[in-house]
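>
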Amino acid sequence: MLSSLGSAIITSVKSDTIVSLFALFRMLFMKVELVTNLKRQATKILADLHTSKEPVLITEHGQPSAYLVDVADYEFMQRRLELLEGLSRGERAVLEGRTYNLNEARERLSKWLR
30 MLSSLGSAII
40 TSVKSDTIVS
50 LFALFRMLFM
60 KVELVTNLKR
70 QATKILADLH
80 TSKEPVLITE
90 HGQPSAYLVD
100 VADYEFMQRR
110 LELLEGLSRG
120 ERAVLEGRTY
130 NLNEARERLS
140 KWLR
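Okay, here's the thing in structure tokens:
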């Protein structure tokens, strides 16, 4: 029921709002901890994080303040972001005509492969 409701809401809004709705749904159903609880129970919260692998939203004065994320998940997200940024740079270069033919590419790469 809830997933169909979420789908109905998402399909009825503009595409630039979808990310915000996704973030809202994620915050509603993810683990949330007060910053004071984190200070008092850091060991337990970290143990739960390592077991569940689910991010924890840390709130301060009732507002989202930070996400607590497992190290492996964070490193995976960083690698994915680097890859996506590289793809974006490549697409931009093609659109701007900054491309090389095969011989030019081989010549440029040969400098790196020596």
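The numbering used here applies: residue 30 is where the sequence shown begins, and numbers increase by one. Just so you know, even glycine gets a beta-carbon here, dropped at the ideal spot from N, CA and C.
1) When burial is assigned at 16 or more other CB atoms within 10 Å of the CB, is TYR129 buried or exposed?
2) Within the same chain, show all residues whose beta-carbon is closer than 8 Å to that of SER139, passing over the 5 residues directly before and after it, in chain order.
3) Pick helix, strand or coil for TYR129, following the three-state DSSP scheme.
4) Please determine, among THR72, MET106, SER117, VAL64, the residue with the shortest C-alpha to C-alpha distance to GLY91.
5) Where DSSP assigns a beta bridge to PRO84, which residues make up the other side?
6) Hey, would you say LYS68 sits closer than 9 Å to VAL85, going by beta carbons?
7) Take GLU83 and list the residues in its own chain whose beta-carbon comes closer than 7 Å to its own, dropping the five residues that flank it on each side.
8) Within a Cβ cutoff of 7 Å, which residues of the same chain sit near ASP99, ignoring the five residues on either side of it in sequence?
9) Please state the DSSP three-state secondary structure of GLN92.
10) Helix, strand or coil for LEU64, going by three-state DSSP, please let me know.
11) State yes or no: is the C-beta of ILE87 within less than 9 Å of the C-beta of LEU75?
By the coordinates alone:
1) Working through the sequence shown from its first residue, we reach residue 129 at position 100. Exposed is the call here.
2) To locate residue 139, count along the sequence shown from 1; it is residue 110. Contacts found: none.
3) The residue labelled residue 129 in the question sits at position 100 within the sequence shown. Looking at TYR129 - three-state DSSP - the assignment turns out to be coil, as it is neither helix nor strand.
4) Taking the sequence shown and counting its residues from 1, the one referred to as residue 91 is at position 62. For GLY91, the nearest C-alpha among the options comes from VAL64.
5) Translated into the one-based positions of the sequence shown, residue 84 becomes position 55. In the DSSP output, where bridge partners are listed per residue, PRO84 has none listed.
6) What you label residue 68 is simply residue 39 of the sequence shown in a count that begins at 1. What you label residue 85 is simply residue 56 of the sequence shown in a count that begins at 1. In this structure, VAL85 does not lie closer than 9 Å to LYS68 by Cβ.
7) Working through the sequence shown from its first residue, we reach residue 83 at position 54. Contacts found: MET59, LYS60.
8) Sequence index remark: in the sequence shown, residue 99 carries index 70 (1-based). Counting only Cβ-Cβ distances below 7 Å, and skipping sequence neighbours, we find LEU78, HIS79, LYS82.
9) Start at 1 with the first residue of the sequence shown, and residue 92 comes out as number 63. Strand at GLN92.
10) Along the sequence shown, read from residue 1 onward, the residue named residue 64 stands at position 35. As written in the sequence, residue 64 is Val, which differs from the Leu given in the question. Reduced to three states, the DSSP call for VAL64 is helix.
11) Here residue 87 refers to the residue found at position 58 of the sequence shown. Here residue 75 refers to the residue found at position 46 of the sequence shown. The Cβ atoms of ILE87 and LEU75 lie no closer than 9 Å to each other.
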